[in-house]
Amino acid sequence: MPDITLRVNGATCAGSPEARKTLADFLREDLDLTGTHLGCEHGVCGACTVILDGRAVRSCLMLAVQAAGSEVTTIEGLAPDGGLGPLQQAMWDSHSFQCGFCTPGFVVQATAFLSDHPDAGEQQIREALSGNICRCTGYQSIIDGVLLAAERNRER
Amino acid sequence: MAEIVAERYTGASIKRSEDPRILTGAGRYVDDIKLPGMLHAAFVRSPLAHGNVLSVDVSAARALPGVVAVLTGADLEAMTVPGPDPLMALFGAAGPTPEFTLLATDKVRLMGDPVAVVIAESRYLAEDGCELVEVDYDDLPPVVTAAFALDPSSPPLFANLGDNIARPHSRNEFGDVGSTFANADRVIDFHIDVHRHQNVPMEGRGCVASWDADLAAMTVYAATQSVHITRTGVATRLGIEPDKVRVLAGDIGGSFGLKIGASREELAVAAASRHLGRPVKWVEDRGENLMVSGQAREESFDVRAAVSNDGDLAGLDVAVVVDTGAYPGMGMGAMVPDIMQAMLPGPYKLAALGFESTAVITNKATYVAYRGPWASETFVRERVLDLIAKDLGLDPVEIRLRNIAARTDPPASMITGRPLVGVTTVEALERVAQLVDFPAFRRRQAQARAQGRYLGVGVATFIEAAPGPRPEGPDGALGSESMRLRLTEDGIVVLFTGQMPHGQSHQTTLAQIAADEFGVPFEQVRVVVGDSDVVPFGLTGGSRSATMTGGVALHGARDLKAKVLDFAAYLMEARAQDLLISDGNVWVRGDPASAIAVSEVGRRAASGQFGADVDAALEVEATFDGGEGGWSGGTHCAIVEVDAETGLVKVERYVAVEDCGALINPAVVEGQIRGGIAQGIGAVLLEKSAYGEDGSFQSATFMDYLMPTTCDIPRIEIEHLETVPLDADVNFRGVGEGGMIVAPPTVVNAIEDALSPFGVRIYEQHLPPARILELIAAADSGQ
Chain Y
1 MPDITLRVNG
11 ATCAGSPEAR
21 KTLADFLRED
31 LDLTGTHLGC
41 EHGVCGACTV
51 ILDGRAVRSC
61 LMLAVQAAGS
71 EVTTIEGLAP
81 DGGLGPLQQA
91 MWDSHSFQCG
101 FCTPGFVVQA
111 TAFLSDHPDA
121 GEQQIREALS
131 GNICRCTGYQ
141 SIIDGVLLAA
151 ERNRER
Chain W
157 MAEIVAERYT
167 GASIKRSEDP
177 RILTGAGRYV
187 DDIKLPGMLH
197 AAFVRSPLAH
207 GNVLSVDVSA
217 ARALPGVVAV
227 LTGADLEAMT
237 VPGPDPLMAL
247 FGAAGPTPEF
257 TLLATDKVRL
267 MGDPVAVVIA
277 ESRYLAEDGC
287 ELVEVDYDDL
297 PPVVTAAFAL
307 DPSSPPLFAN
317 LGDNIARPHS
327 RNEFGDVGST
337 FANADRVIDF
347 HIDVHRHQNV
357 PMEGRGCVAS
367 WDADLAAMTV
377 YAATQSVHIT
387 RTGVATRLGI
397 EPDKVRVLAG
407 DIGGSFGLKI
417 GASREELAVA
427 AASRHLGRPV
437 KWVEDRGENL
447 MVSGQAREES
457 FDVRAAVSND
467 GDLAGLDVAV
477 VVDTGAYPGM
487 GMGAMVPDIM
497 QAMLPGPYKL
507 AALGFESTAV
517 ITNKATYVAY
527 RGPWASETFV
537 RERVLDLIAK
547 DLGLDPVEIR
557 LRNIAARTDP
567 PASMITGRPL
577 VGVTTVEALE
587 RVAQLVDFPA
597 FRRRQAQARA
607 QGRYLGVGVA
617 TFIEAAPGPR
627 PEGPDGALGS
637 ESMRLRLTED
647 GIVVLFTGQM
657 PHGQSHQTTL
667 AQIAADEFGV
677 PFEQVRVVVG
687 DSDVVPFGLT
697 GGSRSATMTG
707 GVALHGARDL
717 KAKVLDFAAY
727 LMEARAQDLL
737 ISDGNVWVRG
747 DPASAIAVSE
757 VGRRAASGQF
767 GADVDAALEV
777 EATFDGGEGG
787 WSGGTHCAIV
797 EVDAETGLVK
807 VERYVAVEDC
817 GALINPAVVE
827 GQIRGGIAQG
837 IGAVLLEKSA
847 YGEDGSFQSA
857 TFMDYLMPTT
867 CDIPRIEIEH
877 LETVPLDADV
887 NFRGVGEGGM
897 IVAPPTVVNA
907 IEDALSPFGV
917 RIYEQHLPPA
927 RILELIAAAD
937 SGQ
């Protein structure tokens with residue numbers, strides 16, 4: 001089993017995953033970062049989204065060994081210790097989610113999108129999140145949370 | 157100290173206490189459970205829809221390093237107690253009970269039927285093991301359609317039944333069906349189909365079972381709508397005393413009716429854990445979820461409507477055939493016709509109803525409850541009203557207003573029995589008409605048509621018995637709900653509920669109600685769920701929790717407060733009737749300086765300093781029967797644009813006017829409504845559980861089973877009606893299912909309206925682009 005080293009949420013992590021192990025399973029099983037969820041394991045639902053070297057990627061479609069040397073941010077790495085980041089706070093204020101299973105993927109995807117498109121409007125946000133599936137909400141509350149975060153960010 | 161002004165939480169969109177953990181990845185779902193020595197299970201599944209199992213060779217799989225055990229259907233039969241699905245045992249089934257084993261032994265009955273389970277050190281290795289299991293099958297003719305299942309020549313799936321009938325044909329009549337139809341100006345016939353689609357929670361089914369051989373006790377970490385029903389299932393099928401089974405549940409990633417009881421796979425995992433003396437985890441993958449977890453709907457209706465030339469719908473005569481799939485789990489497929497029959501009249505003054513039903517068994521996934529399981533009655537009724545309106549040249553709002561029962565005192569009753577007390581359908585329809593401005597829409601529609609664009613508007617109404625009006629006699633409409641409440645030594649009001657939330661926000665909403673009633677800040681209330689050793693019996697489902705659990709939280713907090721005040725009266729040397737609790741303090745009325753903290757009362761009670769004459773046990777058990785109950789309901793309206801070239805439908809606007817009584821938390825209520833509507837839009841435009849003619853399942857990925865995403869669901873405008881309080885205290889009503897019940901007819905009605913220039917009439921629910929183009933082409937060619 002190959003030895004790999006990568007940075008996850010700012011900390012250096014080493015591991016020896018089987019070559020076939022996905023990045024999602026490595027994060028969840030080897031690093032105990034269970035906030036990254038698996039909703040389909042074929043790259044459609046987006047629940048497993050993480051930020052890898054600045055880009056949102058589906059950790060179910062990547063092998064852990066492909067992430068060797070990379071900088072990975074998961075849902076656990078977005079908030080200051082014990083608190084909520086600005087997007088998470090806006091989503092709380094907006095009642096964005098219900099069961100919470102899709103939530104990490106949406107939060108991570110929207111974080112990556114907003115960092116590149118701080119002035120995005122509703123339609124752009126909808127398109128940017130159209131690769132994430134939520135079964136509970138009908139999406140409006142999620143979109144509202146992202147819009148609120150963007151608005152607060154501009155006012156800051 | 158100033159006079160204390162209590163904050164009121166009930167009725168406000170209090171932010172959810174579930175969210176901080178969910179938003180940071182700290183939610184604890186069943187797949188996040190990791191126990192020392194835990195093994196992983198994967199199932200060997202049938203590639204055939206119907207076949208005899210000739211042999212199962214597990215030797216190569218057992219020899220694979222990392223594989224700990226391979227258990228066949230025969231192995232599991234020896235380890236478990238035969239019997240029906242636990243939920244079917246609980247509620248009873250309407251028809252004969254098919255006999256089958258936990259995993260397939262002699263026969264497979266659908267594609268994906270589990271034949272063996274491989275237990276290994278990792279899920280990867282367990283799946284490797286599955287590939288090494290050799291099963292020999294002998295094909296049997298698949299029974300894929302209800303029509304074939306009804307044919308006595310179809311091969312019976314279950315040998316003990318002799319045919320494929322899950323519920324024999326029956327017919328009931330309400331009112332004078334014969335003379336209503338004989339005297340009608342016109343009788344119109346339709347055949348309406350509702351297609352198979354499914355729950356698809358983002359988290360599939362799964363469990364971790366952990367057998368403690370020393371204590372002879374089982375712990376199951378489950379994703380379930382009821383820890384107690386799961387416990388009953390595990391205890392019954394494994395032959396363990398129920399008190400030796402503990403079911404724990406944490407966060408649950410949605411369910412919508414799917415995760416009730418203990419599935420065949422979950423029971424097999426529990427049996428494997430006992431056999432091996434080690435914890436075993438199984439979490440289904442999306443392919444398993446789509447293929448075998450359960451599917452819903454697939455009903456066909458022959459409908460006759462007795463109508464006057466003015467548009468009065470006097471009678472309906474409806475015959476339904478329900479395709480219940482392969483294993484009639486929980487009896488839902490056989491039970492649902494009874495609810496359809498009761499609800500078919502809706503809020504309308506139908507004078508006569510004939511209703512006949514049959515449920516059949518086919519080689520497809522089991523028919524399960526899915527958000528508003530009986531919803532097809534609303535689809536049929538609301539579709540029929542529009543079809544009649546078109547024939548008679550009436551407006552869809554007008555025909556509904558004409559036929560809805562007026563709110564009278566005493567109330568009119570549905571022809572099937574229940575009184576329409578407090579139903580606000582007329583108000584909802586009138587409000588929708590105002591919000592949408594139909595004349596202005598018709599002008600815009602005409603202009604658009606002149607440009608070759610096809611806009612349409614659709615409305616539909618529903619009522620839901622959530623809980624339903626209080627029946628005559630001692631019992632409430634939905635039985636009763638229990639709760640235990642305690643004031644801790646830290647001054648926390650703790651609610652122990654059998655509700656098992658999976659997105660419904662009960663840890664927030666129940667705390668709102670109890671905080672107000674007891675008189676403490678919201679943050680001083682905890683809602684404990686998900687431990688069968690600790691919480692009373694309960695089930696989250698059927699839109700019951702708003703009334704039933706909201707109500708027991710209110711009455712329980714009231715009872716606990718009375719008990720706390722009795723004890724505080726002793727402490728404070730005051731009379732209990734002179735004491736108040738607000739903002740977390742107990743004080744003598746008119747004397748704010750007397751205030752002591754509720755936490756101080758709790759601490760003193762826990763100190764053990766009091767004799768037998770002082771009741772310092774600050775705990776109560778409460779039950780609630782739903783009080784006066786009442787109906788939920790509403791009217792929805794959709795405006796769509798259909799692209800006649802591509803068949804694509806865009807939902808441009810969606811308006812919902814709903815009445816779920818008093819709102820506990822408007823943001824939570826609106827989330828339920830929007831989520832249900834999104835599922836309804838998905839059901840019409842995208843989703844279908846598809847089978848080939850050979851019974852092969854053809855939608856086992858999200859590239860085949862299409863889910864609605866951000867660009868498919870519009871902003872949804874919601875207005876609440878709160879017109880008719882019926883109960884002195886509890887007027888919260890269920891709202892979980894309504895969106896999914898009424899959105900499909902709303903959207904289909906709008907699509908038919910958009911396509912009216914082509915003369916299209918729609919008698920089905922699934923309208924993906926290819927089907928829209930077929931309907932246009934068929935209408936064009938005069939078929």
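Chain order of the listed sequences is Y and W. Using the numbering used here, read the first sequence as starting at 1 and increasing by one per residue. Using the numbering used here, read the second sequence as starting at 157 and increasing by one per residue. The beta-carbon is built from N, C-alpha and C at its ideal position, and this holds for glycine as well. The structure presented is a predicted model; accordingly, all values stated were derived computationally and were not measured.
Check: Which two residues bound the contiguous alpha helix (DSSP H) that contains Met896(W)?
Finding: The residue given as residue 896(W) occupies position 740 in the second sequence. From DSSP, the alpha helix (DSSP H) with Met896(W) extends over 894-910.
Notebook entry, point to check: At a CB-CB cut-off below 9 Å, which residues of chain Y make contact with Asp295(W)?
Noted result: Counted from its first residue, the second sequence places residue 295(W) at position 139. Chain-ordered listing is empty here: chain Y has no CB closer than 9 Å to the CB of Asp295(W), the nearest sitting near 29 Å.
Next item on the list: Please list the residues of the region 37-55 of chain Y that have a C-beta atom closer than 8 Å to any C-beta atom in chain W, keeping them in chain order.
Entry: Under the 8 Å Cβ criterion, the region 37-55 of chain Y contributes His37, Leu38, Gly39, Cys40, Glu41, His42, Val44, Cys45, Ala47.
Margin query: Going by C-alpha to C-alpha distance, which of Arg809(W), Ala633(W), Ala718(W) sits closest to Thr132(W)?
Written below: As displayed, chain W neither begins before 157 nor continues past 939, which places residue 132(W) out of reach and without an answer.
Checklist line | chain W contact residues for Phe101(Y), given Cβ-Cβ distances below 7 Å | finding: Reading the first sequence from its first residue, position 101 is the one you call residue 101(Y). Neighbours of Phe101(Y) across chain W, judged by C-beta separation under 7 Å: Tyr185, Met358, Glu359, Gly409, Gly410.
Notebook entry, point to check: Which residues of chain W have a Cβ atom closer than 8 Å to the Cβ of Phe113(Y), listed in chain order?
Noted result: Locating residue 113(Y) in the first sequence gives position 113, where the first residue counts as 1. Simply none; closest approach about 12 Å.
Notebook entry, point to check: From Pro625(W) to Thr705(W), what distance separates their C-alpha atoms?
Noted result: Residue numbering aside, residue 625(W) sits at position 469 when the second sequence is read from its first letter. Residue numbering aside, residue 705(W) sits at position 549 when the second sequence is read from its first letter. Linking Pro625(W) to Thr705(W) through their CA atoms gives a straight-line distance of about 17 Å.
Check: Taking 9 Å as the CB-CB cut-off, is Ile133(Y) touching chain W?
Finding: In the first sequence, the residue the question calls residue 133(Y) occupies position 133. Interface residue, yes.
Item checked: Limits of the alpha helix (DSSP H) - the one that His384(W) falls within -> Counting from 1 along the second sequence, the entry for residue 384(W) is found at position 228. It spans 383-394 - the alpha helix (DSSP H) in which His384(W) sits, taken as one unbroken run.
Next item on the list: Give me the Cβ distance between Asn821(W) and Ser661(W), rounded to the nearest whole Å; I'm assuming they're in contact under 8 Å.
Entry: Within the second sequence, numbered from 1, the residue matching residue 821(W) stands at position 665. Within the second sequence, numbered from 1, the residue matching residue 661(W) stands at position 505. Yes, Asn821(W) and Ser661(W) are in contact; Cβ-Cβ is about 7 Å, under 8 Å.
Check: Since His167(Y) meets chain W, which of its residues come closer than 7 Å, beta carbon to beta carbon?
Finding: Any question about residue 167(Y) goes unanswered here, given that chain Y covers just 1 to 156.
Notebook entry, point to check: How about the region 909-928 of chain W and the region 797-817 of chain W: do they share at least three Cβ pairs that are nearer than 8 Å?
Noted result: Yes: the two stretches touch, three or more of their Cβ pairs being nearer than 8 Å.
Notebook entry, point to check: Under three-state DSSP, which class holds Arg265(W)?
Noted result: As a first step, residue 265(W) must be located in the second sequence, where it is residue number 109. Residue state for Arg265(W) is assigned as coil, using DSSP reduced to three classes.
Note to self: Relative to the C-alpha of Glu784(W), which candidate in Ala884(W), Ser845(W), Ser852(W) has its C-alpha closest?
What the structure shows: Here residue 784(W) corresponds to residue number 628 of the second sequence, with the count starting at 1. Ranking the options by Cα distance to Glu784(W), first place goes to Ala884(W).
Next item on the list: Check Leu232(W) in the structure and name its three-state DSSP category.
Entry: Residue numbering aside, residue 232(W) sits at position 76 when the second sequence is read from its first letter. If DSSP states are grouped into helix, strand and coil, Leu232(W) belongs with the helices.
Next item on the list: Would you verify that the beta carbon of Val824(W) is, or is not, closer than 9 Å to some beta carbon of chain Y?
Entry: Position 668 of the second sequence, counted from the first residue, corresponds to residue 824(W). Any Cβ of chain Y closer than 9 Å to the Cβ of Val824(W) would place that residue at the interface, and such an atom is present.
Check: In angstroms, rounded to a whole number, what distance separates the CA positions of Ser215(W) and Gly15(Y)?
Finding: As a position in the second sequence, residue 215(W) is number 59, starting the count at 1. As a position in the first sequence, residue 15(Y) is number 15, starting the count at 1. So the alpha carbons of these two residues sit roughly 33 Å apart.
Note to self: Using DSSP's beta-bridge definition, name the partner residues of Cys816(W).
What the structure shows: If you number the second sequence from 1, residue 816(W) lands on position 660. In the DSSP assignment, Cys816(W) forms no beta bridge with any residue.
Margin query: I need the straight-line Cα distance from Glu277(W) to Glu127(Y), nearest angstrom please.
Written below: Your numbering for residue 277(W) matches position 121 in the second sequence. Your numbering for residue 127(Y) matches position 127 in the first sequence. One C-alpha to the other measures close to 41 Å.
Check: Using the beta-carbon count (16 or more within 10 Å), is Asp909(W) buried or exposed?
Finding: As a position in the second sequence, residue 909(W) is number 753, starting the count at 1. When all chains shown are included, Asp909(W) counts as buried.
Item checked: Whole-Å CB distance - Leu432(W) paired with Val224(W), under 8 Å assumed -> As a position in the second sequence, residue 432(W) is number 276, starting the count at 1. As a position in the second sequence, residue 224(W) is number 68, starting the count at 1. Between Val224(W) and Leu432(W) the Cβ distance is about 6 Å, and since that is below 8 Å, they are a contact.
Next item on the list: Indicate whether at least one CB of chain Y lies closer than 9 Å to the CB of Ile869(W).
Entry: In the second sequence, counting from the first residue as 1, residue 869(W) sits at position 713. At least one chain Y Cβ lies under 9 Å of Ile869(W).
Checklist line | DSSP beta-bridge partners of Gly510(W) | finding: Counting from 1 along the second sequence, the entry for residue 510(W) is found at position 354. Bridge partners of Gly510(W): Glu329(W), Asp473(W).
Item checked: Residue from Ala761(W), Ala762(W), Phe723(W) whose Cα sits closest to the Cα of Trp743(W) -> The residue you call residue 743(W) lines up with position 587 of the second sequence. Selected option, being the one with the closest Cα: Phe723(W).
Notebook entry, point to check: Going along the chain, which residues of the region 84-99 of chain Y sit with their C-beta nearer than 7 Å to a C-beta in chain W?
Noted result: Here the close residues are Leu84, Gln88, Met91, Trp92, Asp93, His95, Phe97, Gln98, Cys99.
Checklist line | Ordered list of beta strand (DSSP E) runs contained in the region 17-82 of chain Y, each at least 3 residues | finding: Counting only runs of 3 or more, we get 49-52, 55-58, 71-73.
Check: Given Ile408(W), which residues of its chain have a CB within under 6 Å of its CB, disregarding the five upstream and five downstream residues?
Finding: What you label residue 408(W) is simply residue 252 of the second sequence in a count that begins at 1. Apart from sequence neighbours up to five positions away, the residues of its chain that approach Ile408(W) with a beta-carbon distance below 6 Å are Ala379, His658, ordered along the chain.
Check: alpha helix (DSSP H) containing Asn741(W): first to last residue?
Finding: Start at 1 with the first residue of the second sequence, and residue 741(W) comes out as number 585. Annotation for Asn741(W): no alpha helix (DSSP H) segment contains it, though the beta strand (DSSP E) segment containing it runs 741-744.
Next item on the list: Helix, strand or coil for Met859(W), going by three-state DSSP, please let me know.
Entry: Here residue 859(W) refers to the residue found at position 703 when the second sequence is read from its first residue. It is coil, neither helix nor strand.
Notebook entry, point to check: In whole angstroms, what separates the C-alpha of Gly331(W) from that of Ile416(W)?
Noted result: Counted from its first residue, the second sequence places residue 331(W) at position 175. Counted from its first residue, the second sequence places residue 416(W) at position 260. Rounded to the nearest angstrom, the two C-alpha atoms are 37 Å apart.
Next item on the list: Could you tell me which residues DSSP puts in a beta bridge with Glu673(W)?
Entry: The residue given as residue 673(W) occupies position 517 in the second sequence. DSSP lists no partner for Glu673(W).
Checklist line | Contacts of Gly138(Y) in chain W (Cβ-Cβ under 7 Å) | finding: The count along the first sequence starts at 1 and reaches residue 138(Y) at position 138. Those within 7 Å of Gly138(Y) in chain W are Arg830, Gly831, Ile833, Ala834, Ile869, Ile872.
Checklist line | Close beta carbons around Leu804(W), own chain, < 6 Å, minus the five adjacent residues each side | finding: The residue labelled residue 804(W) in the question sits at position 648 within the second sequence. Hits under 6 Å: Pro925.
Next item on the list: Report yes if the C-beta distance between Ser366(W) and Ser429(W) is below 9 Å; otherwise report no.
Entry: Within the second sequence, the letter at position 210 stands for residue 366(W). Within the second sequence, the letter at position 273 stands for residue 429(W). Judged by beta-carbon spacing, Ser429(W) lies within the 9 Å limit of Ser366(W), meaning their Cβ atoms are closer than that value.
Check: With DSSP run on the structure shown, which of helix, strand or coil describes His922(W)?
Finding: Indexing the second sequence from 1 puts residue 922(W) at position 766. In this structure, His922(W) counts as coil in the three-state DSSP scheme.
Check: Considering only the beta carbon of each residue, do Val183(W) and Gly35(Y) sit closer than 9 Å?
Finding: Within the second sequence, numbered from 1, the residue matching residue 183(W) stands at position 27. Within the first sequence, numbered from 1, the residue matching residue 35(Y) stands at position 35. For the sequence presented, residue 183(W) should be read as Gly rather than Val. Contact flag set, yes.
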